[in-house]
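Numbering (the UniProt record's numbering), first residue to last: 1 to 210.
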Amino acid sequence: MDQPESRERGTAEQSGLPPGQRLQRGWPVTHYGPVPTFRPERWEFRVFGATADGDKHCWNHREFSELPFSTVVADLHCVTKFSMLGAEWGGVPAREIVELAPPAPEVSHVMVWAEYGFSSNVRLADFLSDRTLFATHKDGELLTAEHGFPLRLIVPHLYAWKGPKWVRGIEYMTADRRGFWEERGYHNIGDPWSEQRYSYQEEPGDGPEL
Ligand SMILES: Nc1nc2c(c(=O)[nH]1)N[C@H]1C(S)=C(S)[C@@H](COP(=O)(O)O)O[C@H]1N2
Ligand SMILES: [Mo]
Numbered sequence: 001m002d003q004p005e006s007r008e009r010g011t012a013e014q015s016g017l018p019p020g021q022r023l024q025r026g027w028p029v030t031h032y033g034p035v036p037t038f039r040p041e042r043w044e045f046r047v048f049g050a051t052a053d054g055d056k057h058c059w060n061h062r063e064f065s066e067l068p069f070s071t072v073v074a075d076l077h078c079v080t081k082f083s084m085l086g087a088e089w090g091g092v093p094a095r096e097i098v099e100l101a102p103p104a105p106e107v108s109h110v111m112v113w114a115e116y117g118f119s120s121n122v123r124l125a126d127f128l129s130d131r132t133l134f135a136t137h138k139d140g141e142l143l144t145a146e147h148g149f150p151l152r153l154i155v156p157h158l159y160a161w162k163g164p165k166w167v168r169g170i171e172y173m174t175a176d177r178r179g180f181w182e183e184r185g186y187h188n189i190g191d192p193w194s195e196q197r198y199s200y201q202e203e204p205g206d207g208p209e210l
């Protein structure tokens with residue numbers, strides 16, 4: 001199996017842009033559908049699917065905001081070919097969630113679920129990267145609504161669609177399944193360094209049959 005960690009190139013400041021990408025000044029807003037309204041009293045973050053103990057694990061917004069906080073400097077590479085460099089993301093490391101609500105031993109993939117049923121699948125190994133972060137902040141400030149407040153996932157070594165905005169939980173999976181964009185023509189893995197943009201580029205074993 002691929003080792004995502006070994007392909008992690010840090011930020012473009014150190015290693016240049018991934019192939020085919022160009023630098024974007026400013027921070028555009030890119031997503032499908034409307035921006036959801038945050039309702040703190042209804043919000044919860046859920047871990048479900050194949051958990052180690054078979055139970056669901058939930059945090060309300062206050063509980064989630066008390067989880068350990070750290071920062072990661074990472075770039076954002078949109079598959080439509082622009083990249084934003086060097087943002088400092090702050091939030092809860094994905095590994096922290098995995099420690100608090102561990103997966104069953106046979107779990108291989110994680111579906112990340114967001115508002116309105118948006119989803120994206122990642123390999124457990126990608127999720128476990130020490131740079132994968134559930135971000136609440138960017139450059140020291142709370143995320144704005146259009147950029148994913150109160151919570152978005154950042155997976156620095158994959159294209160940005162692998163990082164849902166308005167995240168509401170994760171599902172541990174014992175087999176791979178495609179998320180929203182992965183069902184609609186984007187690559188199942190999405191490594192920008194090997195330009196895995198579209199599903200027609202997939203090699204056998206890169207993803208479930210379309
Ligand atoms: N919920 C949700 N998250 C999403 C998307 C989306 O359509 N819905 N689009 C993704 C894509 S394609 C990109 S490039 C980034 C853009 O993040 P930004 O708008 O903060 O720049 O969000 C990602 N997260
Ligand atoms: Mo994107």
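In this text, a Cβ means the ideal position worked out from N, Cα and C, and glycines have one as well.
- Three or more beta-carbon pairs drawn from the region 85-95 and the region 130-137 are found closer than 8 angstroms, and the two stretches are therefore classed as touching.
- Around the beta carbon of alanine 101, 16 or more other beta carbons sit within 10 angstroms, so the residue counts as buried.
- By the 16-neighbour rule on beta-carbons within 10 angstroms, asparagine 121 is buried.
- For the alpha helix (DSSP H) assignment, the uninterrupted runs of no fewer than 4 residues enclosed by the UniProt domain "Oxidoreductase molybdopterin-binding" (33-181) are, from N- to C-terminal side, 61-65, 94-100, 124-127.
- Applying a distance threshold of 6 angstroms between residue Cβ atoms and the heavy atoms of ligand 2 selects Thr30, Cys78, Val79, Thr80, Ala160, Trp161, given in chain order.
- Rounded to whole angstroms, the gap between the alpha carbons of aspartate 139 and proline 103 is 31 angstroms.
- The three-state secondary structure of arginine 197, taken from DSSP, is coil.
- Taking threonine 51 as the centre and dropping the five residues before and after it, the same chain places the C-beta of His57, Ala101, Pro102, Pro103, Ala104, Tyr172 closer than 8 angstroms to its C-beta, in chain order.
- For phenylalanine 69, the CB contacts under 7 angstroms within the same chain, skipping 5 residues up- and downstream, are Gly90, Gly91, Val92 in chain order.
- Of the residues Glu141, Pro28, Ile97, the one whose Cα lies closest to the Cα of arginine 168 is Ile97.
- Going by beta carbons, tryptophan 166 and glutamate 115 fall inside the 8 angstroms limit.
- Rounded to the nearest whole angstrom, the C-alpha separation of asparagine 188 and arginine 62 is 34 angstroms.
- Contact between proline 192 and proline 18 holds: CB atoms are separated by about 4 angstroms, below the 8 angstroms threshold.
- Considering only Tyr32, Arg22, Gly20, Thr37, the residue with the shortest C-alpha distance to threonine 144 is Thr37.
- Minimum Cα-Cα distance from proline 150 among the listed residues Gly16, Val79, Arg39 corresponds to Arg39.
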